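Visitor: Numbering (UniProt numbering), first residue to last: 1 to 163.
Glycine included, every Cβ here is placed at the ideal spot set by N, Cα and C.
In this text the structure is predicted, and so the values were computed from the model without any measurement.
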């Protein structure tokens with residue numbers, strides 16, 4: 001098949017092959033299992049720097065913020081509602097929010113705010129659940145636990161409700 005014909009299938013493959021390791025395995029399978037040449041394989045699964053899909057990269061660029069780096073949660077909510085995004089697109093948007101955060105705690109906070117705003121607008125639960133990221137939550141909890149221990153070791157005793 002000509003690369004021009006194969007190129008039309010690339011966006012769908014990129015949506016499904018979100019991890020770098022899976023893309024590499026798919027490329028090897030096309031080379032070895034189906035005898036595709038380099039040009040055909042690259043047309044189907046283009047190389048991506050940093051492992052981000054084109055959809056995620058576009059979403060990161062679209063994320064507005066006060067400092068220009070990304071992170072405007074309310075605008076993401078408007079984007080989800082106005083464009084009627086599906087679960088995959090919401091998940092990519094959430095991932096972009098997490099990746100643009102400076103720490104796991106701020107990433108978790110951004111996701112919580114996004115979920116809260118979506119609940120206020122009565123968005124379906126399956127869309128809201130697409131914003132859940134257990135790994136980010138775990139990392140944020142670890143960060144907060146370390147900060148509490150650090151404060152205790154330094155002799156700073158904040159009331160429990162301020163932790």
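1) Less than 8 Å between C-beta atoms, sequence neighbours within five positions excluded: which residues of the same chain meet that for residue 81?
2) Under DSSP, the alpha helix (DSSP H) around residue 101 begins and ends at which residues?
3) Which value, in whole angstroms, describes the spacing of the CA atoms of residue 45 and residue 37?
4) Exposed or buried, residue 149, counting other C-beta atoms within 10 Å across all chains shown (16 or more means buried)?
5) Pick helix, strand or coil for residue 132, following the three-state DSSP scheme.
6) Would the segment 107-115 and the segment 21-38 be scored as touching if the rule is three or more Cβ pairs under 8 Å?
7) I'd like the span of the alpha helix (DSSP H) that includes residue 205, first residue to last.
8) Ignore the nearest five residues each way along the sequence and tell me which others in residue 6's own chain have a CB closer than 8 Å to its CB.
9) Mapping the DSSP letters down to three states, classify residue 2 as helix, strand or coil.
10) Roughly how many angstroms lie between the CA atoms of residue 31 and residue 16, to the nearest whole one?
11) Note down, in chain order, each residue of its chain lying with its Cβ closer than 7 Å to the Cβ of residue 126, except the 5 sequence neighbours on either side.
12) Among 128, 143, 28, 151, which one has its Cα closest to the Cα of residue 107?
13) Tell me whether the beta-carbon of residue 140 lies closer than 9 Å to the beta-carbon of residue 94.
14) According to the neighbour-count rule (16 or more other Cβ atoms, all chains shown, within 10 Å of its Cβ), is residue 118 buried or exposed?
15) Could you tell me the distance, in whole angstroms, from the CA atom of residue 13 to the CA atom of residue 26?
Guide: In terms of the structure at hand:
1) In the chain shown, residue 81 corresponds to position 81, counting from 1. Only 121, 123 meet the Cβ criterion.
2) Counting from one through the chain shown, the residue named residue 101 turns up at place 101. Looking at the DSSP string, residue 101 is not in any alpha helix (DSSP H), and its letter there is neither H nor E.
3) The residue you call residue 45 lines up with position 45 of the chain shown. The residue you call residue 37 lines up with position 37 of the chain shown. Whole-angstrom Cα-Cα distance: 12 Å.
4) In the chain shown, residue 149 corresponds to position 149, counting from 1. Classification for residue 149: exposed.
5) By 1-based counting over the chain shown, the position of residue 132 is 132. Residue 132 sits in coil when the DSSP states are folded into three classes, being neither helix nor strand.
6) no
7) This structure gives no information on residue 205, because the portion of the chain shown stretches from 1 to 163.
8) The residue you call residue 6 lines up with position 6 of the chain shown. Taken in chain order, the residues that qualify are 40, 43, 44.
9) Numbered from its first residue, the chain shown carries residue 2 at position 2. Secondary structure at residue 2: coil, using DSSP grouped into helix, strand and coil.
10) Counted from its first residue, the chain shown places residue 31 at position 31. Counted from its first residue, the chain shown places residue 16 at position 16. Residue 31 and residue 16: Cα-Cα distance of roughly 19 Å.
11) Position 126 of the chain shown, counting from 1, holds the residue named residue 126. Closer than 7 Å at the Cβ level, and outside the excluded window around residue 126, lie 87.
12) In the chain shown, the residue the question calls residue 107 occupies position 107. Closest option to residue 107, Cα to Cα, is 143.
13) For the purposes of this step, residue 140 is taken as the residue at position 140 of the chain shown. For the purposes of this step, residue 94 is taken as the residue at position 94 of the chain shown. No, the Cβ-Cβ distance between residue 140 and residue 94 is not below 9 Å.
14) Counting from one through the chain shown, the residue named residue 118 turns up at place 118. Its Cβ being crowded by 16 or more others within 10 Å, residue 118 is buried.
15) Sequence index remark: in the chain shown, residue 13 carries index 13 (1-based). Sequence index remark: in the chain shown, residue 26 carries index 26 (1-based). So the alpha carbons of these two residues sit roughly 10 Å apart.
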